[in-house]
Amino acid sequence: MTRYFLILLFLFLGVIGTCPAQTTDTVAASTQEPSHRYLLLTKVGTAVRYRIYTGENITFQLVGEKQMRSGAVQGFRGNSFYVQGMEVPLKTVEKVRLRNHTGGRKVANFGGSFLKTAGAVFTLVGAINFFANADDRKDGLQTMGAAITLYGAGIGLHALRKGTYTLNSKWQLKIMEMY
1 MTRYFLILLF LFLGVIGTCP AQTTDTVAAS TQEPSHRYLL LTKVGTAVRY RIYTGENITF
61 QLVGEKQMRS GAVQGFRGNS FYVQGMEVPL KTVEKVRLRN HTGGRKVANF GGSFLKTAGA
121 VFTLVGAINF FANADDRKDG LQTMGAAITL YGAGIGLHAL RKGTYTLNSK WQLKIMEMY
């Protein structure tokens, strides 16, 4: 009895598992328009990718220019994107600067802000101790020295929050479409 049950079970699963769907495919990939586009900065040969969507700010430098331009991405068409009503072909972009796009850069931004704020507060505390108490002038100077060091470390961390990527054989900029 068990043998017949197993044979029927395998036969049933074999028939059900190989049956094609009973409904027709209503979505044709060739006629479907992309519903979502984004700008992709990718490192060739690795999985490092940064996406820039419509509405996000982008800072870029065009070929032959020394100044970086910045603005919100308004849209994409073909192999170009629009910033402040200006069409920017991808071929003319030389460098792209991104801000706070990785975990480490977000930590650097937060740490820099925190250390700068702490440095400013403790500089004020040290100055109050220096001027208010004649006995604690040495302690006030030490507090202000440590606070200025904290403030300097915060400025150093803030410098790390932006990454500039030169477009070449290592970094590529392309427009991706999602359906």
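With UniProt numbering applied, the sequence shown covers 1 to 179. No residue lacks a Cβ here, since even glycine has one placed at the ideal position from N, Cα and C.
ask   = For residue 67, is the classification buried or exposed, using 16 other Cβ atoms within 10 angstroms of its Cβ as the cut-off for buried?
value = exposed
ask   = What first and last residue would you give for the alpha helix (DSSP H) that runs through residue 137?
value = 137-159
request  = May I ask you to list the residues that DSSP assigns as paired with residue 88?
outcome  = 81
query = Alpha carbon to alpha carbon, what distance is there between residue 126 and residue 148?
reply = 10 Å
inquiry  = Measuring straight from C-alpha to C-alpha, what distance separates residue 123 and residue 131?
reply    = About 12 Å.
query = How long is the line joining the alpha carbons of residue 173 and residue 7, rounded to whole angstroms?
reply = Residue 173 and residue 7: Cα-Cα distance of roughly 57 Å.
inquiry  = According to DSSP, simplified to helix, strand and coil, what is residue 167?
reply    = coil
Close-in-space but distant-in-sequence residues of the same chain around residue 55 (CB under 7 Å, 5 per side omitted) = 72, 73
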